[in-house]
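Numbering (this note's numbering), first residue to last: 111 to 375.
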């Protein structure tokens, strides 16, 4: 009987059964991979994205896979959209949320002297303000769960020489402040991952990458990576899932790089 109980407890440590989760930007790339992974471990998911057609296509695929995922249109760079999203999630999950993954953000590499006021506003709204405000809005729901878990997706530019927004500093501060609310906050910093963002860089279609030749930039980053390859979305989602599990209950305030060793070179 003791062995049976021990086995059940061990299984529970590696499960998200019964958990509720919100992942922003879940219609493609790393975000979609995270949504599907958390759902496969038993979490009831809600995600959002700006493109309704893309979301509907995802929902059809998820339904066919019998994954418990709902979705809504939301531009998280807009305050009103974030507030509406928070209201939907609160109603959907009866005022309780176990997991928040702040995944939305866009690649922005440009010399500081060339950044326009409009570009700065967009970066702040999309990459920092959305993370801060959504965490703030979801705090009551996460606190109510008694085991709230926030995972912020950033990038290795937080620890290399490229300019970056202070998502990781925010993570550390909230980990300390919210620990008494039985909440954990961690940050994942991916390197070059094979997603649409990297594809846009290779093709030169990303207007926010300047001062470098986009295709060359990607190849140079891979060349400086000890493992000599780009990462895969599934190599990011697996860590997100782990951080959300009971097995990771003593991990908070951490910045974890998934970069094939790039930050060491």
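Yeah, the Cβ is synthetic: ideal placement off N, Cα and C, and Gly gets one too. These numbers were taken from a predicted model, which means no experiment stands behind them.
Which of helix, strand or coil DSSP assigns to residue i
i, result
"residue 140", "helix"
"residue 161", "coil"
"residue 305", "coil"
"residue 197", "helix"
"residue 338", "coil"
"residue 292", "coil"
"residue 186", "coil"
"residue 155", "strand"
"residue 349", "helix"
"residue 361", "coil"
"residue 129", "coil"
"residue 148", "helix"
"residue 210", "strand"
"residue 321", "Bear in mind that the predicted position of residue 321 carries a pLDDT of just 48, short of 50, making it too unreliable to give a figure here."
"residue 114", "Annotation note: pLDDT 48 at residue 114 (below 50); position unreliable, coordinate value reported separately. Note: residue 114 maps to helix in three-state DSSP."
Closest by C-alpha distance to residue i, when choosing among the options
i, options, result
"residue 189", "145, 247, 331, 157", "247"
"residue 244", "231, 294, 260, 229", "260"
"residue 206", "297, 231, 196, 255", "255"
"residue 331", "373, 187, 186, 342", "373"
"residue 187", "237, 169, 360", "237"
"residue 367", "347, 359, 230", "347"
"residue 198", "136, 227, 157", "157"
"residue 284", "365, 358, 226", "365"
"residue 138", "127, 162, 131", "162"
"residue 328", "217, 242, 350", "217"
"residue 251", "281, 375, 131, 125", "131"
"residue 185", "265, 375, 240", "240"
"residue 209", "298, 133, 288, 124", "133"
"residue 141", "232, 211, 265", "211"
"residue 249", "229, 264, 294", "294"
"residue 127", "155, 361, 135", "155"
"residue 363", "351, 326, 287, 375", "287"
Sequence-distant residues of its chain with Cβ nearer than 8 Å to residue i (five each side left out)
i, result
"residue 122", "356"
"residue 321", "Here residue 321 scores only 48 on pLDDT, less than 50, and its place in the model is too uncertain to base an answer on."
"residue 292", "253, 256, 257, 258"
"residue 349", "298, 366, 368"
"residue 304", "340, 341, 342, 343"
"residue 160", "183, 184, 185"
Same chain, Cβ closer than 6 Å to residue i, five either side skipped, listed in chain order
i, result
"residue 171", "none"
"residue 275", "Confidence at residue 275 is low in this model, with a pLDDT of 48, below 50, so the placement of that residue should be treated as unreliable; the coordinate-derived value is given next. Excluding sequence neighbours, residue 275 sits near 237, 238."
"residue 194", "none"
"residue 353", "261, 296"
"residue 167", "none"
"residue 273", "Any answer about residue 273 is weak, because its pLDDT of 46 lies below 50 and its placement is not dependable; what the coordinates show is given next. Nothing listed; no residue qualifies."
"residue 376", "Lying outside 111 to 375, the shown extent of the chain, residue 376 is not represented and no answer is given."
Cβ shell of residue i (< 7 Å), same chain only, five flanking positions each side left out
i, result
"residue 344", "143"
"residue 370", "301, 335, 336, 337, 339, 341"
"residue 359", "none"
"residue 165", "137, 159, 181, 183"
beta-carbon residue i near the ligand MG non-hydrogen atom, thresh 7 Å
i, result
"residue 286", "Among the ligands in the structure shown, none appear at all, so the ligand MG cannot be discussed."
Curious, which full-length beta strand (DSSP E) runs of at least 3 residues does the segment 212-287 contain?
258-263
Contact the segment 145-158 vs the segment 172-191: 3+ CB pairs below 8 Å
Verdict: yes, contact present.
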